[in-house]
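In full-length UniProt numbering, the protein residues as written are 1 to 815.
Encoded structure:
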């Protein structure tokens, strides 16, 4: 760039501000015709200034100019890399020393050559424009200075914002509007330096293609910064200000080129550049960035992976009190908790499990980092790309973070187990698991509620720990009866299912259908739905992850936050209102749940095959889940470093069962064989293997006796040897119900010879007493065994079981 050095510097500094208001008053009184009539011939009058214009002069001041212009909000990942931009106007501020002198010279040359000589109003130019307009009968000249143009653009693009009524008022051709601009311009010249006014002007005006301000324009058209603009580039941008649409260099290159060269000539004529520099600039091509470098607006622009996280950020901040307008105009820098490595690993695993081209099946994953002070969301992904093209399988719905209409299946047994531990149970206590169980508490409409186990789950007693690994339905429906349905639902809320259970309209509820909001929690309690432990209802993958994070944080619940830090436009920290962390359950209970869930990926567990295939060896707390019709399945898992949930579900308009083929496919309303230990578990282990690379192997937390073998206060009194009457009194005093059955025994009649259960039992359970009849029947005569007609069959294999530690009492519940 070659700038000609003049005896008077280009920036002459502050000019002496004369009594502009006095001139304005004199003009209004002595030359009202010029200002109100000649300048606005369309008003049809050459009379004095109207009352409206007079009121405008008296009531308008530069105080209107205090509102900050809309700026772009930048959303970044945890390392500060931008992932999304939110804006109404694509504007980034540039300081005076960040704008090239060529740009300042170009805009002054073409828009206001006497900028450094007037005090905000060019009176000679105003009168000349008024006379020209009156003679031509139309607005042929504007007569506005850069200061006045700044006022007008500020009122249109900052004060009016997106309000079309206010925008029209800011540009209407009336005496009131013109006098308002003059009044404010004169005041601004007293308050700001020429440099400040020029910088503000360049930062506020539009340049077309959604670029507002010189920084956005430099990036959009030339992929550069304002301090690096050449003479030709600066001249093009300065020329566009007059009419950004008509002079758009992309759609109207010839018009834009002609206007650019006109600006270059003005710069040369005013001796702002040398003739040689002007000639070189005129001969240069437009040389626009290909394509133009505008920034994408909103979460769609965040891309196929990060869009889901971006949407959660906006939803989270709006719940915290931020408005959409604040986010789109505030110029915040929002550093999120998104971990790019974790996100890429989870996205790859989700697409491997269910390719994005698969019709009607979504595979989503969320990852949360546990902690006692904060639960940071590290990844929110889906096999679907985030976008608007449904024909390509894209979606803009918050699949990983929102509440989806399908359940998580047996993952909800975690809440039943936790409620039972709080009642006094231990993870090594034994529970019964019959092949079928008819509840004495729950109903299926008016019929009895009977539940069976999934295929392959064998009946028989097992510890609570192994029950979580093998997932018998019958055991957990019975356990929920003892722990209490309300207590189980409340436990789910406390551990993390807050939005899901407290703020969601219950599906299928008649009250909800009538328009009243009913939470899932209230719906389940009011209708006494025993299937809650089987995870039938709508759920949130993110909140499931946060449940595991709560367990791995010693029972401390924190909101799953996507926010690391927010800075305002000036770089100052901004506080946000987040729910405080709280101790949801006793730390010992949480630790016991972590250990209680630690067998699912091991031999006999429902996720053992998936873990083995992935080569997974780290200690893990986990639970699988599948809904009854195989329309959804899930996996919940956590190490001390990361907690994650995967949900695979039919997301078409007509949900169907999912078959676990390669790739998975829909297989009819009544078909399906997907389980949580299949696609969901494989997705989890594929992702977490990568996410944990380089991290130390962390052990699960230690447990205490109280949650291993149950509380001492819940030990069933040993009444063997007592009379049935005395035994009943002792058990009733301890809070248990009593059921008797007679057995032949040599013991004295009425003596208790055995009891079930012995050891631990929850209060309110039934203790069955075997009471002696005092009679021993004579032995029956022996008969020779019949000869087999064929070899005996091999006895059925017993279900895999981890024996209870020594001293652990036997079963709690009767078969």
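No residue lacks a Cβ here, since even glycine has one placed at the ideal position from N, Cα and C. Values in this document were obtained by computation on a predicted structure and should not be read as measured data.
Nearest-angstrom beta carbon gap, residue j and residue i [assumed within contact, 8 Å]
i           : j           : result
residue 751 : residue 406 : Not quite, the Cβ-Cβ distance comes to about 55 Å (not below 8 Å), so this is no contact.
residue 643 : residue 299 : About 24 Å; that fails the 8 Å criterion.
residue 76  : residue 82  : 5 Å
residue 356 : residue 393 : 5 Å
residue 678 : residue 660 : 5 Å
residue 395 : residue 664 : In fact, because the Cβ distance is near 18 Å, the residues do not count as touching under 8 Å.
residue 555 : residue 522 : At roughly 25 Å, the Cβ-Cβ gap does not stay under 8 Å, so residue 555 and residue 522 are not in contact.
residue 308 : residue 398 : 7 Å
Nearest-angstrom Cα separation, counted from residue j out to residue i
i           : j           : result
residue 704 : residue 431 : 20 Å
residue 198 : residue 647 : 56 Å
residue 422 : residue 389 : 48 Å
residue 608 : residue 618 : 13 Å
residue 66  : residue 113 : 27 Å
residue 501 : residue 234 : 58 Å
residue 30  : residue 145 : Low confidence applies to residue 30: its pLDDT is 37, below 50, so where it sits in the model is not reliable enough to give any reading.
residue 323 : residue 169 : 26 Å
residue 212 : residue 272 : 26 Å
residue 726 : residue 707 : 31 Å
residue 443 : residue 450 : 8 Å
residue 542 : residue 363 : 13 Å
residue 568 : residue 317 : 14 Å
residue 264 : residue 229 : 14 Å
residue 499 : residue 645 : 16 Å
residue 164 : residue 88  : 14 Å
residue 773 : residue 736 : 24 Å
residue 457 : residue 475 : 11 Å
residue 614 : residue 693 : 13 Å
residue 278 : residue 252 : 22 Å
Residue range of the alpha helix (DSSP H) that includes residue i
i           : result
residue 182 : 175 to 191
residue 491 : 485 to 495
residue 500 : 498 to 502
residue 545 : 541 to 552
residue 444 : First-last for residue 444: 436 to 444, but that is the beta strand (DSSP E), not the alpha helix (DSSP H).
residue 417 : 413 to 423
Reduced DSSP category for residue i - H, G, I as helix; E, B as strand; rest coil
i           : result
residue 299 : helix
residue 107 : helix
residue 765 : coil
residue 367 : strand
residue 644 : strand
residue 582 : strand
residue 617 : coil
residue 261 : helix
residue 467 : helix
residue 356 : coil
residue 665 : strand
residue 207 : coil
residue 274 : coil
residue 722 : coil
residue 691 : helix
residue 589 : helix
Chain-order list of residues whose beta-carbon lies under 7 Å from that of residue i (same chain, five-residue window excluded)
i           : result
residue 189 : 17, 119, 120, 147
Residue range of the unbroken beta strand (DSSP E) whose run includes residue i
i           : result
residue 635 : 632 to 638
residue 564 : 563 to 567
residue 741 : 737 to 743
residue 147 : No beta strand (DSSP E) holds residue 147; the alpha helix (DSSP H) holding it covers 146 to 154.
residue 755 : 752 to 756
residue 86  : 82 to 86
residue 379 : 375 to 382
residue 652 : No beta strand (DSSP E) holds residue 652; DSSP gives it neither H nor E.
residue 114 : Element bounds for residue 114: n/a, residue is neither H nor E.
Residues near residue i by beta carbon distance below 6 Å, same chain, minus five either side
i           : result
residue 256 : 247, 249
residue 425 : 710
residue 411 : 535, 623, 625, 634, 636
residue 547 : 495, 496
residue 530 : 439, 442, 449, 477
Chain D contact for residue i (CB, 8 Å cutoff)
i           : result
residue 518 : Judged by its chain identifiers, the structure shown contains no chain D, having just a single protein chain.
Beta-carbon contacts of residue i that lie in its chain and below 8 Å, excluding the five residues immediately before and after
i           : result
residue 171 : 152, 156, 177
residue 262 : 110, 239
residue 215 : 91, 92, 93, 94, 98, 203, 225, 226
residue 368 : 375, 376, 377, 378, 542, 545, 546, 548, 549, 560, 642, 643, 644
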